[in-house]
Each structure stands twice: as structure tokens, then as C-alpha cells.
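K.L.:
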Amino acid sequence: MWRIGVLALQGAVREHIDQIEKLGCEPVLVKSVEDLKDLNGLILPGGESTTIRKLLDRYELLNPIRTLAQNGLPIFGTCAGLILLADEIVGYESPHLGLMDVVVERNSYGRQVDSFEVELSIKDIGEDIPAVFIRAPHIVSVGKEVEVLAKQDERIVLARDRHFLGCSFHPELTEDVRILKYFVEMIKQCHNTSLAKLNSI
Ligand code: GLN
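Everything in the sequence shown is counted per this note's numbering, starting at 15 for the first residue and increasing by one.
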């Protein structure tokens with residue numbers, strides 16, 4: 015059974031836990047470095063990225079998460095979580111985790127549409143997937159190796175860079191678990207690749 019952590023410092027944590035359970039995986043609330051032990055994947059939830067960043071510093075989680083990620087831990091960032099993953103944030107001098115080869119812009123949707131729900135067609139995942147946007151960021155540009163999986167009104171809202179998946183919206187606020195299922199598939203692939211590497215040594 016895959017152990018999937020959810021960073022539980024602030025934001026939409028419970029809903030991710032419910033979806034993880036729905037897929038028969040084991041959820042782990044991550045509040046300290048010890049909770050990162052033996053995870054197969056990690057979700058960075060939505061919330062407020064600057065607040066989550068302060069808490070990551072306070073609980074000394076930023077570097078341990080970055081190191082695990084650089085060693086191959088698959089990470090899925092939703093909304094504020096995508097901002098934490100990005101290599102570059104428009105208007106900011108430095109990134110937070112700086113793991114995913116994308117440039118993001120915070121709060122990119124106008125005031126009247128601060129929150130809205132649409133249905134997206136997502137490459138490799140499916141059609142009519144409900145997506146809730148709440149003061150959402152969008153992906154302004156992606157590096158060469160990054161695969162764009164979905165756009166909303168010409169803006170990139172879901173992308174994959176190696177073992178990192180980032181989306182602008184909140185898939186966990188709907189009943190639809192197809193995006194999380196895709197992340198679990200990524201975990202399986204990464205697991206098999208590292209086993210194959212170990213076996214070839
Ligand atoms: N606007 C938030 C930020 O910039 C993200 C919003 C969200 O996660 N729903 O961090």
C-alpha cells in the first residue's frame with residue numbers, strides 16, 4: 015500500500031486525506047521531519063503559499079522536503095502547493111522549494127472570478143474533470159522537459175515535470191479522484207524505476 019503524505023501546516027488538508035483513502039492508499043499527515051519517513055509520495059495542498067512557506071521554515075521542513083524530492087520522491091502540488099514547487103514566481107526574487115521547471119504567477123484570475131468551477135479535458139487523464147479555482151495561480155511558461163496536461167482559457171493549469179505534478183486548482187474539493195489516480199500511477203512508475211536501478215547495480 016502506498017504511503018502518501020499531505021503537508022499539514024495550513025490549507026485544504028482533510029480533503030486530500032479523504033481522496034487518498036478513497037484510492038486505498040495510506041495517508042500520512044506531515045507536520046514534522048519525522049513524518050516524512052518512508053513516504054512514497056507527498057502532496058502539497060492549497061492554502062496561502064506565503065503562510066505555508068513561513069511554517070515550512072519554522073518547522074524546518076523546507077530542506078528535508080527538497081532533499082527527498084531531489085532524491086526522487088514524487089510530489090503533487092495543488093494551487094499554493096504548485097507555487098511552492100515552482101522554480102520561479104513572477105514578481106519574487108527567489109522560489110520556495112524550486113523543484114519544478116515552471117514559472118508561475120500568483121492570483122492570476124480577476125476579482126469577480128476569484129473562485130469558479132469548470133470542467134477540463136486533461137491529457138492522459140480524461141474528459142469533463144471538475145476543477146475548482148480559488149484565487150488560483152497559473153503556469154506562465156514551462157521548461158523543455160515539462161509536459162503540459164491541461165489548459166483553461168489558453169492558460170496552463172496542470173503540468174508534469176519528471177516526478178513532479180503541479181496544478182492551479184483544487185481537485186480534492188470534488189468527488190472526482192482521476193487526477194490523484196494519475197499521481198498514484200506516477201508513484202508506481204518512480205518506484206519501479208528505482209527498483210530497476212537498484213537491481214542493475
Ligand atoms: N492565492 C494563494 C497563494 O498565492 C493560493 C490559493 C489557493 O491555494 N487556493 O498562495
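For glycine and all other residues, C-beta sits at the position ideal for the given N, C-alpha and C.
(1) Does DSSP put Leu179 in a helix, a strand or coil?
(2) Look up Glu107 in the DSSP assignment and say whether it is helix, strand or coil.
(3) Starting from the C-beta of Asp175, find all residues in its chain whose C-beta is less than 6 Å away, skip the five residues before and the five after it, and write them out in chain order.
(4) With 16 as the cutoff for other CB atoms within 10 Å, does Val132 come out buried or exposed?
(5) Start and end of the beta strand (DSSP E) containing His152?
(6) On the three-state DSSP scale, how would you describe Arg174?
(7) Expressed to the nearest angstrom, what Euclidean distance is found between the alpha-carbon atoms of Asp138 and Ala173?
(8) On the three-pair Cβ rule with 8 Å, is the region 49-65 touching the region 83-94?
(9) Taking 8 Å as the threshold, find out whether the region 30-38 comes into contact with the region 66-80 through three or more Cβ pairs.
(10) Could you check which residue in Gly38, Ile79, Leu96 has the C-alpha nearest to that of Val44?
P.N.:
With the given structure in hand:
(1) Strand at Leu179.
(2) The answer is coil: DSSP assigns Glu107 none of H, G, I, E or B.
(3) Answer for Asp175: Met114, Asp115, Val160, listed in chain order.
(4) Looking at its Cβ environment, which holds fewer than 16 other Cβ atoms inside 10 Å, Val132 is exposed.
(5) His152 -> beta strand (DSSP E) spans 152-156.
(6) In the displayed model, Arg174 falls within a strand according to three-state DSSP.
(7) Within the model, the alpha-carbon separation for Asp138 versus Ala173 is close to 11 Å.
(8) The region 83-94 and the region 49-65 touch, with three or more beta-carbon pairs separated by less than 8 Å.
(9) When C-beta atoms of the region 30-38 are compared with those of the region 66-80, fewer than three pairs fall below 8 Å, so the two segments do not count as touching.
(10) Among Gly38, Ile79, Leu96, the Cα nearest to that of Val44 is on Ile79.
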